[in-house]
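Below: the structure, in structure tokens.
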Amino acid sequence: MDDLLWPHFQPLWRDLVAVSSTNILVAGGYGLFLKQHWLSRSASLPTVVPIPNWLDTTPRVTKDVDLVLGLDLIKNASHQKSVVSALKQNGFEASDRESEQRWKFLKRLSGDQLIVVEMHAQRPDPGVDGITATDKRVKHKPSLGEQGVHGRTNPEAVGSELHQFQFSFDGVNLVVPNPVTWSVMKLTATRDRWVLSQDLASVKNFGSSVVCKPPSMHKMCTASLP
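Residue 154 in my numbering sits at position 155 of the sequence shown, and the numbers go up by one each step.
This is the structure we're talking about:
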């Protein structure tokens, strides 16, 4: 399997599952990568579209990991501290960018290579005890500072705690979102990338710096054009 992430993700995932086995999901492109590999090894399993009829049976390689944190984990200060400890023990450090602090973690490899882990969370209902949320992040209340993690506010993750799907891959039990939640998350990400591409295409002043903020991702990105 052509997967540079697995040797780094596997031990991290084991440590995270030891903290909370049902409140952390692996989502995004890497979750799809792992599930597609598992399906390709399990040809006898029925799928809506039979595997031989897939347009592309080769999973897309990625270097980022998206994790969805359950609100129960975010409310639990002890579990949060254990998550931070697991990240540190596996070589991940919090991003020093203010807009990414406590929800994006980086592991620096040789050269300029980076492995990125991003934490996401659905937006809680107003008035939920032990949690505070903004358009950018969901976090423990009161703040845990460097002893805690945040979830990047992801409205599309709503329902991620329902009908989670579990499978075993190379002896590791993995948990991913249900198909409906996952599809909404991926479709929204695709829409945001399309909006970003349209913003860049409309720029007339090629010597300027363009700041883009897709509506649902709440992620500031800067692109300098020649």
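Think of the CB as a built atom: it goes at the ideal place given N, C-alpha and C, for glycine as much as any other residue.
Three-state class that DSSP yields for residue 150 in the structure shown: Looking at residue 150 - three-state DSSP - the assignment turns out to be strand.
Beta-carbon spacing of residue 106, residue 89 below 9 angstroms: Result yes, Cβ atoms of residue 106 and residue 89 sit closer than 9 angstroms.
Residues near residue 158 in its chain [Cβ-Cβ closer than 6 angstroms; skip 5 each side]: Counting only Cβ-Cβ distances below 6 angstroms, and skipping sequence neighbours, we find 180.
Residue 127 versus 141, 115, 114, residue with shortest Cα-Cα distance: Nearest option by C-alpha distance: 141.
In chain order, each beta strand (DSSP E) run of at least 3 residues that lies wholly inside the segment 43–75: If we require 3 residues or more, the beta strand (DSSP E) runs fully inside the segment 43–75 come out as 63–68.
9 angstroms Cβ cutoff met for residue 165 and residue 172: Yes, they are a contact pair.
Chain D contact for residue 12 (CB, 9 angstroms cutoff): Absent from the structure is chain D; it holds one protein chain and no more.
Span separating the alpha-carbon of residue 31 from that of residue 176: Each residue's CA atom was taken as its position, placing residue 31 and residue 176 some 10 angstroms apart.
Residue environment, residue 6, which counts as buried when at least 16 other CB atoms sit within 10 Å: With fewer than 16 other beta carbons inside 10 angstroms of its own, residue 6 counts as exposed.
The segment 43–55 contacting the segment 96–116, beta-carbon criterion three pairs below 8 angstroms: No, they do not touch.
Neighbourhood of residue 11 by C-beta, 6 angstroms cutoff - its chain only, sequence neighbours within 5 removed: The residues are 89.
Alpha carbon of residue 38 to alpha carbon of residue 49, nearest angstrom: Roughly 10 angstroms between the two C-alpha positions.
Straight-line Cα distance separating residue 149 from residue 139: Approximately 8 angstroms, taken between the alpha carbons.
DSSP-derived helix/strand/coil call for residue 192: Residue state, collapsed to three classes: helix.
Cutoff 7 angstroms; reference residue 131; Cβ partners in own chain excluding five residues on either side: Contacts found: 138, 140.
Whether residue 232 touches residue 24 by CB criterion (9 angstroms): The requested residue 232 is not part of the displayed model; the chain covers only 0 to 225.
Rounded straight-line distance, which links the Cα of residue 118 to that of residue 100: Cα to Cα, residue 100 sits roughly 11 angstroms from residue 118.
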